[in-house]
Amino acid sequence: MKNAEELRAELAQTFAQLKAGEIKPSEAAELANLAGKMIGSAKVQVEYYALRKESPRIEWLESPNV
Amino acid sequence: MKACTVCGKEKPDSDYRLHSDKKTVMRYCNDCHLAKRRAQHAAKREERNAQFRARYAANANGVKDKMTAARKAKYAKQGRAALIAWVAANPEKSAEAQRKKMKRGRERLSDYYVRRLLCHPGRSAVKQVPEILIECKRLQLMIERECREKR
């Protein structure tokens, strides 16, 4: 998961698998927990730049297709 | 001058409503007529309100769209200042509306709710949360909820 797009795709796939009963809730919960850490980290980065009144590109949030 | 058949007071013709033929005046005065209409409405208040709510929910004759457009037009005309003044004048109603909005957002995982979870407008300097971050957070919450349900 090199960027947010990939994380979103992974989460969407996990949710679909969880709904279909293909994976255990505990496995999905682990991934959701990890995703929460990644999102939190990105949020801190966004907040940091907002406090510094800067707006640089955050690579992790940028889509590689753009 | 004419005596009202309900209150019995002598009143000029201008105090009486016209019949649908627009020529003859009614037998009861305007005040008594309005009192009668108010009593009729009060007796059927709940029924009529329920009918209107059903029509609104079904968007019959575009009533919902019309009211939304009217609300938007009013907001555009009066601006945000009027809204802020209303919130200041009605703190309880405003808090109740906010509670309802947050409850709806929590159930539907709306953009507003997820954005607020990520960066609370009162506690964070971030003005624009990236859309992709909101989508990821929403999916994470959806998975967590599903896990809780399945356990």
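Those protein sequences? They're chains A and B, same order as listed. To convert, take the position in the first sequence, counting from 1, and add 4; that gives my numbering. To convert, take the position in the second sequence, counting from 1, and add 1312; that gives my numbering. We treat Cβ as the ideally placed atom computed from N, Cα and C, and that holds for glycine.
Reference residue i, options the options, closest by Cα
{"i": "B:LEU1421", "options": "B:LEU1451, B:ARG1435 and B:GLN1440", "result": "B:LEU1451"}
{"i": "B:HIS1331", "options": "B:LYS1323, B:GLU1322 and B:CYS1341", "result": "B:CYS1341"}
{"i": "B:LEU1453", "options": "A:ASN7, A:GLN21, A:ALA24 and A:GLY40", "result": "A:GLY40"}
{"i": "A:GLU31", "options": "A:ILE43, A:SER45 and A:LEU15", "result": "A:LEU15"}
{"i": "B:PRO1433", "options": "A:GLU63, A:ALA54, A:ALA8 and A:TRP64", "result": "A:ALA54"}
{"i": "B:MET1457", "options": "B:GLU1419, B:GLY1320, B:LYS1348 and B:ASP1333", "result": "Correcting the residue identity first, residue 1457 of chain B is Arg in this sequence and not Met. B:ARG1457 has its Cα closest to that of B:GLU1419, out of B:GLU1419, B:GLY1320, B:LYS1348 and B:ASP1333."}
Residues of its chain near residue i, where Cβ-Cβ distance is below 6 Å and the 5 sequence neighbours each way are ignored
{"i": "B:VAL1441", "result": "ARG1427, LEU1430 and CYS1431"}
{"i": "B:VAL1399", "result": "SER1406"}
{"i": "B:ALA1409", "result": "none"}
{"i": "A:LEU22", "result": "ALA32"}
{"i": "B:LYS1321", "result": "none"}
Cβ pair residue i, residue j closer than 7 Å
{"i": "B:CYS1448", "j": "A:LEU35", "result": "no"}
{"i": "B:VAL1438", "j": "A:VAL50", "result": "yes"}
{"i": "B:HIS1345", "j": "B:ARG1329", "result": "yes"}
{"i": "B:LYS1376", "j": "A:PRO29", "result": "no"}
{"i": "A:PHE19", "j": "B:ILE1455", "result": "yes"}
{"i": "A:LEU38", "j": "B:ILE1444", "result": "no"}
{"i": "A:SER67", "j": "A:GLU9", "result": "yes"}
Contact with chain B by residue i, beta-carbon distance below 7 Å
{"i": "A:LYS13", "result": "Per the sequence presented here, residue 13 of chain A reads as Ala, with Lys not at that position. No, A:ALA13 does not count as interfacial toward chain B."}
{"i": "A:LEU55", "result": "yes"}
{"i": "A:ALA24", "result": "no"}
{"i": "A:LEU38", "result": "no"}
{"i": "A:ILE27", "result": "no"}
Three-state secondary structure (DSSP) of residue i
{"i": "A:LEU22", "result": "helix"}
{"i": "B:ALA1370", "result": "coil"}
{"i": "B:MET1338", "result": "strand"}
{"i": "B:GLU1322", "result": "strand"}
{"i": "B:LEU1330", "result": "strand"}
{"i": "A:LYS47", "result": "helix"}
{"i": "A:LYS57", "result": "coil"}
{"i": "A:ALA8", "result": "helix"}
{"i": "B:ALA1315", "result": "strand"}
{"i": "A:ILE62", "result": "coil"}
{"i": "B:LEU1421", "result": "coil"}
Closer than 7 Å to chain A by CB, residue i
{"i": "B:ALA1394", "result": "no"}
{"i": "B:LEU1430", "result": "yes"}
{"i": "B:GLU1458", "result": "yes"}
{"i": "B:LEU1421", "result": "no"}
{"i": "B:GLU1408", "result": "no"}
{"i": "B:VAL1438", "result": "yes"}
{"i": "B:LYS1449", "result": "yes"}
{"i": "B:MET1454", "result": "yes"}
{"i": "B:LYS1386", "result": "no"}
Own chain residues within Cβ distance below 7 Å of residue i, not counting five before or after
{"i": "B:TYR1424", "result": "GLY1417"}
{"i": "B:VAL1318", "result": "TYR1340 and CYS1344"}
Sequence-distant residues of its chain with Cβ nearer than 8 Å to residue i (five each side left out)
{"i": "A:ILE62", "result": "ALA46, GLN49, VAL50 and TYR53"}
{"i": "B:ILE1446", "result": "ASP1423, VAL1426, ARG1427 and LEU1430"}
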